[in-house]
Amino acid sequence: MQRTAQTALVTGASAGLGTHFARLFAQDGHNLVLVARRQDKLDQLATELRQMYGIHTTVIAADLTDPKAPPHLYEELMRAGIEVEFLVNNAGFGTSGAFAELDLARELDLIELNVKALTHLTGLVLPAMIARRSGRILNVGSLAGFLPGPFMATYYASKAYVINFTEALAYELRGTGVTATVLCPGATATEFAHVAGVENSALFTSSADPASVARYGYRSMLKGKTIAIPGARNKLSAESLRVSPRLVARVLAGHLNKS
Ligand SMILES: NC(=O)c1ccc[n+]([C@@H]2O[C@H](COP(=O)([O-])OP(=O)(O)OC[C@H]3O[C@@H](n4cnc5c(N)ncnc54)[C@H](OP(=O)(O)O)[C@@H]3O)[C@@H](O)[C@H]2O)c1
Numbered sequence: 330m331q332r333t334a335q336t337a338l339v340t341g342a343s344a345g346l347g348t349h350f351a352r353l354f355a356q357d358g359h360n361l362v363l364v365a366r367r368q369d370k371l372d373q374l375a376t377e378l379r380q381m382y383g384i385h386t387t388v389i390a391a392d393l394t395d396p397k398a399p400p401h402l403y404e405e406l407m408r409a410g411i412e413v414e415f416l417v418n419n420a421g422f423g424t425s426g427a428f429a430e431l432d433l434a435r436e437l438d439l440i441e442l443n444v445k446a447l448t449h450l451t452g453l454v455l456p457a458m459i460a461r462r463s464g465r466i467l468n469v470g471s472l473a474g475f476l477p478g479p480f481m482a483t484y485y486a487s488k489a490y491v492i493n494f495t496e497a498l499a500y501e502l503r504g505t506g507v508t509a510t511v512l513c514p515g516a517t518a519t520e521f522a523h524v525a526g527v528e529n530s531a532l533f534t535s536s537a538d539p540a541s542v543a544r545y546g547y548r549s550m551l552k553g554k555t556i557a558i559p560g561a562r563n564k565l566s567a568e569s570l571r572v573s574p575r576l577v578a579r580v581l582a583g584h585l586n587k588s
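First residue of the sequence shown: 330, per this note's numbering; consecutive thereafter.
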């Protein structure tokens, strides 16, 4: 039986995990809305996936740290008659250093992107998903969301929000036909470490392959799983963190982030 093409909106599709999510949807025959700031990268990916899989693609270059970006983006989709069946809130970045010494504007942008844009887009697409009793939300959290992270304080806190928000949402959505999944990767080989300035951190000495991390998240989303932690070592870390005293966790994270 031929599957009906549905549309997936992927934020942060110009690099890293986002490009892999886009590929997975395209391979399954789904149409795509690709969002990030770098239009050239999005156009390149869109052309490749259109030619390879015969899907429809829409590229929207947007800076999601601008609070007006999510409603603009959504209006554009409404105008084009595009119904979002899959929302992947993947765009995000980190910063490193002692909070008091960091550029405060950039810290606030981090919250705008990692927390507010994710919440805003979810809030915009959910009512229609619930009304038609069908839809999947995949939010990209992080292992970092399970503990406080000295020297990456805002980033870790933003991911704690993503995990708690998604878990609560998944519970509220039971029986609606809509699911919410949070993917919690550990260190993964993307542009993230460079952007956050943590390439030399002990945490990034061995990074996971982004294609496998995205595949794990994608499959977990399709299964409607609430929390998806890729990799046995990461699962063990998350479990250990659950039973570790907070002091131990923050000392450990502080050491690793400073390394
Ligand atoms: N890599 C890791 O070790 C790791 C571990 C755990 C969780 N994560 C999470 O995984 C997600 C994806 O990150 P990644 O590892 O794939 O990093 P990445 O390679 O740096 O990709 C980040 C994506 O977000 C987009 N983005 C950044 N700022 C944006 C903005 N202001 N507006 C719109 N889009 C923006 C970037 O595109 P443009 O620059 O073109 O805008 C890019 O497409 C993030 O939420 C990150 O926190 C990563």
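We put the beta carbon where it would ideally sit given N, CA and C, even for glycine.
Source: prediction; values computed, not measured.
Can you tell me whether residue i is helix, strand or coil according to DSSP?
| i | result |
| --- | --- |
| Leu-498 | helix |
| Arg-503 | coil |
| Val-527 | coil |
| Arg-465 | strand |
| Asn-419 | coil |
| Ala-537 | strand |
| Thr-508 | strand |
| Thr-555 | coil |
| Glu-520 | coil |
| Gln-331 | Bear in mind that a pLDDT of 46 at Gln-331, under 50, signals an unreliable position, so the number given afterwards is only what the model happens to contain. Three-state result, Gln-331: coil. |
| Ala-576 | At residue 576 the sequence reads Leu, which differs from the Ala that was named. Here Leu-576 sits in helix by DSSP. |
| Leu-402 | helix |
| Leu-371 | helix |
| Glu-412 | coil |
| Ile-384 | coil |
| Thr-424 | coil |
| Ala-489 | helix |
| Thr-394 | coil |
I need the straight-line Cα distance from residue i to residue j, nearest angstrom please.
| i | j | result |
| --- | --- | --- |
| Val-364 | Thr-348 | 10 Å |
| Asp-357 | Leu-576 | 45 Å |
| Lys-640 | Gly-474 | Outside the shown range of the chain (330 to 588) lies residue 640, about which nothing can therefore be said. |
| Leu-476 | Ala-582 | 8 Å |
| Tyr-490 | Met-481 | 15 Å |
| Ser-530 | Ala-486 | 19 Å |
| Tyr-403 | Leu-447 | 13 Å |
| Phe-292 | Ala-509 | Lying outside 330 to 588, the shown extent of the chain, residue 292 is not represented and no answer is given. |
| Val-527 | Gly-515 | 13 Å |
| Gly-506 | Lys-397 | 29 Å |
| Met-550 | Ser-588 | 34 Å |
| Arg-548 | Asn-443 | 22 Å |
| Leu-532 | Pro-574 | 21 Å |
| Ile-440 | Thr-483 | 8 Å |
| Leu-502 | Arg-366 | 31 Å |
| Lys-370 | Val-388 | 10 Å |
| Gly-546 | Pro-456 | 23 Å |
| Gly-553 | Cys-513 | 15 Å |
| Gly-504 | Arg-579 | 37 Å |
| Leu-585 | His-523 | 16 Å |
| Leu-433 | Ala-390 | 25 Å |
| Tyr-500 | Lys-445 | 20 Å |
| Ala-525 | Met-381 | 33 Å |
Buried or exposed: where does residue i fall if 16 or more other Cβ atoms within 10 Å of its Cβ makes it buried?
| i | result |
| --- | --- |
| Met-330 | Note that Met-330 scores 40 on pLDDT, short of 50, meaning its location in the model is unreliable; the coordinates nonetheless yield the value given after this. Counting Cβ neighbours within 10 Å, Met-330 comes out exposed, since fewer than 16 surround it. |
| Val-572 | exposed |
| His-449 | buried |
| Asp-438 | buried |
| Gly-423 | buried |
| Arg-435 | exposed |
| Ser-569 | exposed |
| Leu-565 | exposed |
| Gly-324 | As shown, the chain starts at 330 and ends at 588. That puts residue 324 outside it, with no answer to give. |
| Val-542 | buried |
| Pro-399 | buried |
Within this structure, are the beta carbons of residue i and residue j separated by less than 8 Å?
| i | j | result |
| --- | --- | --- |
| Ala-334 | Leu-374 | no |
| Ala-337 | Glu-414 | yes |
| Leu-416 | Arg-544 | no |
| Val-511 | Ala-557 | yes |
| Ala-420 | Leu-393 | yes |
| Leu-472 | Ala-344 | no |
| Thr-386 | Asn-418 | no |
| Thr-451 | Leu-346 | no |
| Val-362 | Phe-350 | no |
For a cutoff of 8 Å on Cβ pairs, would you count residue i as touching chain D?
| i | result |
| --- | --- |
| Leu-361 | Checking the listed chains, one finds no chain D in this structure; it contains a single protein chain. |
query: Does the segment 493-509 come close enough to the segment 467-476 that 3 or more CB-CB pairs lie under 8 Å?
result: Flag = yes, the segment 467-476 and the segment 493-509 touch.
Contact between the segment 374-388 and the segment 426-441 (3+ Cβ pairs under 8 Å): Put simply, the segment 374-388 does not touch the segment 426-441. Fewer than three CB pairs are less than 8 Å apart.
task: Please determine if the segment 547-566 and the segment 449-460 are in contact, where contact requires at least 3 C-beta pairs separated by less than 8 Å.
output: Not touching, per the Cβ criterion.
- prompt: Does the segment 392-408 come close enough to the segment 536-551 that 3 or more CB-CB pairs lie under 8 Å?
  reply: Segment contact: the segment 536-551 against the segment 392-408, fewer than three CB-CB distances shorter than 8 Å; contact not assigned.
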